[in-house]
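The structure appears below as structure tokens.
Numbering (the UniProt record's numbering), first residue to last: 1 to 261.
Below, the structure written as structure tokens:
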């Protein structure tokens, strides 16, 4: 399936089983508009129909990942509608994606963009990158799942302070706090992300999907409930072609060739 298109506010590139989605309004620090949300939804829909896509990377063009919402492209009297129509579906789409989703944070990630990055399965950030809960600067509350994600990543005390003060968290500190997977030197970010994406795209992606769903569901389940879920998901994983391929490869001492099926 053809994933690229005549997009104005994003760039889409595909290499083997990996799709790179780049937020591309660099002159506006890649801030979100309704039109950009529409383009992202279109790409996500195409990815869901493209069996050859095995990993998605989201990054930003220019000097930043994204500064969040473009306030000039906003109906200030209908903020709840904007959240419901754009940001909630965006976060739900990322967290339920059937393939691994990597955030490649190349600079500042503020507001809803910070929370979008943190909603991805794995976050790599350039050493110069920063994460900012900037909502308090305009009298708003965090959205994009930030009030759910942050306390689970860094604890309630840190999450509360970050949301109330709007202090920037440098990438190195974000890694130390467990907010992100890894902080890398700026000139190594694309290389490291590419290696990770290629590695994930060659794994049993259905099994990876089940894994990330189990991890997310564990946040609201008891141990007994989680044990039952693991049993059920393990049954589903054992019915895949990739499981059969993995077992055969192990028994015959060869490298598995997973297909994502």
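The C-beta atom is built at its ideal place from N, Cα and C for all residues, glycine as well.
* To do: Compare the C-alpha of residue 150 against each of 232, 164, 108 and 138 and name the closest.
  => Looking at the Cα atoms, 164 is the closest of the given residues.
* To do: Could you name the residues that DSSP lists as bridge partners for residue 182?
  => DSSP, once it has assigned bridges, lists 124 as partnering residue 182.
* Note the first and the last residue of the continuous alpha helix (DSSP H) segment covering residue 113. => 112 to 119
* Which of helix, strand or coil does DSSP assign to residue 58? -> strand
* Would residue 250 be called buried (16 or more neighbouring beta carbons within 10 Å of its own) or exposed? -> exposed
* Asked: Straight-line CA distance for residue 260 to residue 184?
  -> 29 Å
* Alpha carbon to alpha carbon, how far is residue 100 from residue 199? Give it in angstroms, no decimals. => 11 Å
* Leaving aside the five residues before and after residue 37 along the sequence, list all residues of the same chain whose C-beta is less than 6 Å from its C-beta, in chain order. => 86
* To do: Could you name the residues that DSSP lists as bridge partners for residue 10?
  => For residue 10, the pairing in a beta bridge is given by DSSP as 23.
* From the DSSP output, which residues share a beta bridge with residue 201? -> Paired residue(s): none; residue 201 is not in a bridge.
* Asked: Applying the criterion that 16 or more other CB atoms from any shown protein chain within 10 Å of the CB defines a buried residue, is residue 241 buried or exposed?
  -> exposed
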